[in-house]
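A.B. asks:
2 protein chains.
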Amino acid sequence: MTIEQKIKHYKKIIDQELVNLPVPDYPSGLYEPIKYSLATTGKRIRPILLLIVGEGFGATQADILPAALALEVLHTYTLVHDDIMDNDDTRRGIATVHKKWNVNTAILSGDGLNTLAFRLLMDTKSKNIREIGIEFTNGMLEICEGQALDLSFETTINVSTEQYMEMISKKTGRLIGMACKIGALTAGCSNKIIENLFIFGIKIGQAFQIQDDLLEITSSEEKMGKSLSSDFASGKKTYPLLYTLSNMSEDKKIKFLSFLKKNMYNRKEVQKKFRESGSIDKTKDLIKKLLNEAHEHLDVCPGAIKKELLGIMKFIQKRQF
Amino acid sequence: MTIEQKIKHYKKIIDQELVNLPVPDYPSGLYEPIKYSLATTGKRIRPILLLIVGEGFGATQADILPAALALEVLHTYTLVHDDIMDNDDTRRGIATVHKKWNVNTAILSGDGLNTLAFRLLMDTKSKNIREIGIEFTNGMLEICEGQALDLSFETTINVSTEQYMEMISKKTGRLIGMACKIGALTAGCSNKIIENLFIFGIKIGQAFQIQDDLLEITSSEEKMGKSLSSDFASGKKTYPLLYTLSNMSEDKKIKFLSFLKKNMYNRKEVQKKFRESGSIDKTKDLIKKLLNEAHEHLDVCPGAIKKELLGIMKFIQKRQF
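One line per chain: the protein sequences are F and W, in this order. Here the first sequence is numbered in the numbering used here, starting from 1 and rising by one per residue. Here the second sequence is numbered in the numbering used here, starting from 1001 and rising by one per residue.
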């Protein structure tokens, strides 16, 4: 099986398992939006990574599938709550929960998804169940930290690229790092392998997020499924933006941010400004650097697993939207 | 030690442990509201029940304290999110998180508390850690169900008292039932004891909630720390209200609810209407019935533990606000 076939194979299993979860119908105010959120088809990269690592190192699929599903449900919960906080109307082309229902329903169904994630995790069969529980909850807390930083950056003019890297390490990297780490924990790997795979996951998570930031600017509106202005209007900081700002005087920064916020540039003008500042090239270099670093952390793995994980890394990298 | 002294003793331990939890300072947008929520002094009934049951049946305090703290942190998370959904301005006399900060901060810090609860639970030392995790998460999900029902009742005119009893069993009873059940699980009790203590907890939780409903009407505003109108204005259904409505024609019901919603009765008029409908007496009878049923479920316990649990039950019952 090629890695593309393997990804497709795992994705099918996860999609099916998520739809077949024993989620009750009543009360519908809680479970309808939960089912709605789980049915949207994401890439399922996180559970796929967990399964590839876990099975690759000898764990049994049936034993570790609950942990893989738990990660995807956890990811879904963060999206439902983040969409409220970011006031996003759509997600993957369909209405967000708080738009389709209301904010209360989105808070509550996010809480339900969060709990469902823990509940699934408890069904994982591993002698390391306590360590897995601790990693899962430590990771969840760090994801909350990342979201808190992301929100606080919206009202901060001077955010350093180091602060930004920390934020995305927590908000995006950690969950992917967790996927690798929990996969390795289920298979009873050595600490050395666990730690290296964890860093591999964080690095590709960061690269993945910065690639998203870049596509937000360079890609067309239709491909992204949301308007360019939505992130800028809320004051969101992204790597390409921070790099562009870093070359400006304080006055120019404030003016530029205010123009973006008020949606006073069209897409072409924004793209031109970013290109001229050197930000597009610099961002591409950073993505390459992070992926190279991630690659190095795979040296501890046997060849077959290393090859598969590199395959996933390239799969994510090729993504155009 | 009398039971009052024991409750005081345990409460002191829990208050101290909660303040001393290793909660970081950074990022403050996440951890400041978490510390603020944990510092408000509740009655700590849930962790006290867990400790009395667990220690009573032979578990070591240090081993089970994390589970007790987890329950209180879980309770705190539900209050933070419920306060957003109910749009309550104050809680225990101080500003709610979403009023002191904003809704996003309250969503996120509630999420953080939720995670912290599970993180603490993982530190419990017991051979039943998986069963404890499953009970904890099943309970958490049922609490979400209870909240979903409570919200849906706000926009429903005809809610039966059976539906109401189900709602408070989930929203309030379950967490108290969990406290008893997890306490018994940590001590490795028999299934018979675990199940009876679970029902004992649910029954006193229901009695406790209905007593709150009653005090909401009969008590003065200052004692309750919130205005009478706030719950009625949102359309919240309580047992005394449902009983009063059950004797009215459909037209009268709609008119009565609308008057309550618009705050067109003063407190004395509301009290008079409830008293005349027989609702106050009926509600008092129901509380007594639930507490008697709870009492019966303690017959499986050794005398000393039974005495302490009855003592707690009476302690809750005496509460005047």
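Note that CB positions come from ideal geometry on N, CA and C, so glycine has one too.
State buried or exposed for residue 1321(W), treating a residue as buried only when at least 16 other CB atoms are found within 10 Å of its CB.
C.D. replies: With a pLDDT of only 40 at residue 1321(W), under the threshold of 50, the placement of this residue in the model should not be trusted; the figure read from the coordinates follows. Residue 1321(W) comes out exposed.
A.B. asks: Are residue 1301(W) and residue 1290(W) closer than 8 Å when you measure CB to CB?
C.D. replies: It is not a contact, given that the beta carbons lie outside the stated cut-off.
A.B. asks: Evaluate residue 62(F) with the Cβ neighbour count: other Cβ atoms within 10 Å of its Cβ, from every protein chain shown; 16 or more gives buried, anything less gives exposed.
C.D. replies: Exposed: under 16 other Cβ atoms inside 10 Å.
A.B. asks: How many whole angstroms separate the CB atoms of residue 1312(W) and residue 1003(W), which I take to be in contact at a CB cut-off of 8 Å?
C.D. replies: The pair is a contact, with the Cβ atoms about 7 Å apart (cut-off 8 Å).
A.B. asks: Could you check whether residue 109(F) and residue 28(F) sit closer than 8 Å to each other, using their CB atoms as the reference points?
C.D. replies: Taking 8 Å as the Cβ cut-off, residue 28(F) and residue 109(F) do not qualify as a contacting pair.
A.B. asks: Listed in chain order, which residues of the stretch 1085-1112 of chain W have Cβ atoms closer than 7 Å to some Cβ of chain F?
C.D. replies: Going along the stretch 1085-1112 of chain W in chain order, one finds 1085, 1104, 1107, 1108, 1111, 1112 with a Cβ nearer than 7 Å to chain F.
A.B. asks: Using only alpha-carbon positions, find the residue among 1303(W), 1022(W), 1288(W), 1304(W) that is nearest to residue 1316(W).
C.D. replies: Nearest C-alpha to residue 1316(W): 1288(W).
A.B. asks: Please confirm if residue 1158(W) has its CB atom under 8 Å from at least one CB of chain F.
C.D. replies: Chain F, which has no Cβ nearer than 8 Å to the Cβ of residue 1158(W), makes this no.
A.B. asks: Buried or exposed, going by whether 16 or more other CB atoms sit within 10 Å of the CB of residue 1092(W)?
C.D. replies: Exposed, by the Cβ-count rule.
A.B. asks: From 233(F), 255(F), 234(F), 274(F), pick the residue whose C-alpha is nearest to that of residue 241(F); which is it?
C.D. replies: Of the candidates 233(F), 255(F), 234(F), 274(F), the one whose C-alpha sits nearest the C-alpha of residue 241(F) is 274(F).
A.B. asks: Go to residue 196(F), then tell me how far its alpha helix (DSSP H) extends in each direction, as first and last residue.
C.D. replies: 191-218 is the span of the alpha helix (DSSP H), which, as asked, contains residue 196(F).
A.B. asks: Listed from N- to C-terminal order along the chain, which residues in the stretch 1138-1158 of chain W have their beta-carbon within a distance smaller than 8 Å of any beta-carbon of chain F?
C.D. replies: Result list: 1138, 1140, 1141, 1144, 1145, 1147, 1148, 1149, 1151, 1152.
A.B. asks: Are the beta-carbon atoms belonging to residue 173(F) and residue 205(F) less than 8 Å from one another?
C.D. replies: Yes, the pair counts as a contact, with Cβ atoms nearer than the cut-off.
A.B. asks: Under 7 Å Cβ-Cβ, which residues of chain W neighbour residue 122(F)?
C.D. replies: In chain order: 1130, 1133, 1134, 1137.
A.B. asks: Under the DSSP definition of a beta bridge, which residues are partnered with residue 95(F)?
C.D. replies: According to DSSP, which records beta bridges pairwise, residue 95(F) is partnered with 90(F).
A.B. asks: On the three-state DSSP scale, how would you describe residue 1057(W)?
C.D. replies: Here residue 1057(W) sits in coil by DSSP.
A.B. asks: Output needed in chain order: residues of the stretch 22-55 of chain F with a Cβ under 7 Å from some Cβ in chain W.
C.D. replies: Answer in chain order: 27, 29, 30.
A.B. asks: Using a Cβ-Cβ cut-off of less than 8 Å, list which residues of the stretch 1289-1310 of chain W approach chain F; keep chain order.
C.D. replies: Per Cβ criterion, the list is empty.
A.B. asks: Can you tell me the Cβ-Cβ gap for residue 1260(W) and residue 1253(W), rounded? I've got them flagged as a contact below 8 Å.
C.D. replies: Actually they are not in contact, since the Cβ atoms of residue 1260(W) and residue 1253(W) sit about 11 Å apart, beyond 8 Å.
A.B. asks: Could you tell me the distance, in whole angstroms, from the CA atom of residue 1001(W) to the CA atom of residue 1200(W)?
C.D. replies: Between residue 1001(W) and residue 1200(W), the C-alpha separation is close to 23 Å.
A.B. asks: Suppose you measure from the CA of residue 1043(W) to the CA of residue 1132(W); what does that come to, to the nearest Å?
C.D. replies: Spanning the two alpha carbons is a distance of roughly 23 Å.
A.B. asks: Does any residue of chain W bring its CB to less than 8 Å from the CB of residue 118(F)?
C.D. replies: Yes, residue 118(F) lies at the interface with chain W (some Cβ there is under 8 Å from its Cβ).
A.B. asks: Report all residues from its chain with a CB closer than 7 Å to the CB of residue 1072(W); omit the five preceding and five following residues, and keep chain order.
C.D. replies: The answer, listed in chain order, is 1014, 1018, 1044, 1046, 1047.
A.B. asks: Give me the Cβ distance between residue 243(F) and residue 219(F), rounded to the nearest whole Å; I'm assuming they're in contact under 8 Å.
C.D. replies: Their Cβ separation, rounded to whole angstroms, is 18 Å, which puts residue 243(F) and residue 219(F) out of contact at 8 Å.
A.B. asks: Between the alpha carbons of residue 1008(W) and residue 113(F), how many angstroms are there, rounded?
C.D. replies: Going from the Cα of residue 1008(W) to the Cα of residue 113(F) covers about 36 Å.
A.B. asks: Which of the three DSSP states is assigned to residue 1312(W) in this structure?
C.D. replies: Helix, per DSSP.
A.B. asks: Helix or strand or just coil, what does DSSP make of residue 303(F)?
C.D. replies: Looking at residue 303(F) - three-state DSSP - the assignment turns out to be helix.
A.B. asks: Should residue 20(F) be flagged as near chain W, meaning a C-beta pair shorter than 8 Å?
C.D. replies: Not closer than 8 Å to any Cβ of chain W, the Cβ of residue 20(F) fails to qualify, so no.
A.B. asks: Any idea what DSSP makes of residue 19(F), helix, strand or coil?
C.D. replies: Correct three-state label for residue 19(F): helix.
A.B. asks: With DSSP run on the structure shown, which of helix, strand or coil describes residue 1233(W)?
C.D. replies: Three-state result, residue 1233(W): helix.
A.B. asks: Counting only the same chain and skipping the five closest in sequence on each side, list residues whose C-beta sits under 6 Å from that of residue 99(F).
C.D. replies: The answer, listed in chain order, is 89.
A.B. asks: Under 8 Å between C-beta atoms, does residue 1321(W) make it to chain F?
C.D. replies: Residue confidence is low: residue 1321(W) scores 40 on pLDDT, short of 50, so the model does not pin down where it sits. Its coordinate-derived value is still stated next. No, residue 1321(W) lies away from the interface with chain F (no Cβ there is under 8 Å from its Cβ).
A.B. asks: In whole angstroms, what is the alpha-carbon distance linking residue 1270(W) and residue 1248(W)?
C.D. replies: The alpha-carbon atoms of residue 1270(W) and residue 1248(W) are separated by roughly 15 Å.
A.B. asks: Pair every Cβ in the stretch 1132-1144 of chain W with every Cβ in the stretch 1065-1083 of chain W, then say whether three or more of these pairs are closer than 8 Å.
C.D. replies: With the cut-off at 8 Å, the stretch 1132-1144 of chain W and the stretch 1065-1083 of chain W touch.
A.B. asks: Please name the residue, chosen from 1118(W), 1147(W), 1125(W), that lies closest to residue 1134(W) on a Cα-to-Cα basis.
C.D. replies: Residue 1134(W) has its Cα closest to that of 1118(W), out of 1118(W), 1147(W), 1125(W).
A.B. asks: Need the endpoints of the alpha helix (DSSP H) that residue 1103(W) sits in, please.
C.D. replies: Residue 1103(W) -> alpha helix (DSSP H) spans 1103-1121.
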